[in-house]
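Residue numbers (this note's numbering): 293 to 458. Every residue, glycine too, gets a C-beta built ideally from N, C-alpha and C. Computed from a prediction, not measured in an experiment: that's the story for all the values here.
Following this line, the structure appears as structure tokens:
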């Protein structure tokens, strides 16, 4: 990039443009690291969705069904309850199958908001990185090119001789 910006300039000015770019880029990685930490960290946790309490209740219910069905079976095995395996096994299976289903449903429901949250974080990081690169490298190079243009215009105004180049 500095070579492209310096193309066609007299040697001292081309060197000044290159040096401006190098000076600006010298600490750019460290500044980008700091920006990534500052801009990438969201302002608090993402808000919990409205369905979250229902999902927690459903998941807890599935766990309770498993425990209740297991205790029911143990009661039948020990002889405290009348033996009938089908109802406690069905209760346990409902909890065993329902738990992963609740988890899958929550995961599917959270994908859209999580994607948007990630895209917002990426946009903030890209904007911060672009601003940092612009401030550290592009602005100093542009300033140097502007100084060259002003000096060339003043030279032409004073001498009346047109120069070639930028």
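The alpha-carbon separation between residue 393 and residue 400 amounts to approximately 10 Å. Under the three-state reduction of DSSP, residue 299 is assigned to coil, being neither helix nor strand.
Leaving aside the five residues that flank residue 445 on each side, none in its chain has a CB nearer than 8 Å to its CB. Going by DSSP, residue 422 is part of the alpha helix (DSSP H) stretching over 378–425. If you draw a straight line from the Cα of residue 351 to the Cα of residue 384, it comes to about 14 Å. A residue is called buried once 16 or more other Cβ atoms fall within 10 Å of its Cβ, and residue 371, having fewer, is exposed. In terms of Cβ geometry, residue 429 and residue 308 do not form a close pair [threshold 8 Å].
Residue 391 is positioned such that its CB atom lies closer than 8 Å to that of residue 354. Within the model, the alpha-carbon separation for residue 363 versus residue 331 is close to 52 Å.
The beta carbon of residue 422 sits closer than 8 Å to no other beta carbon from its chain once the five residues preceding and following it are set aside.
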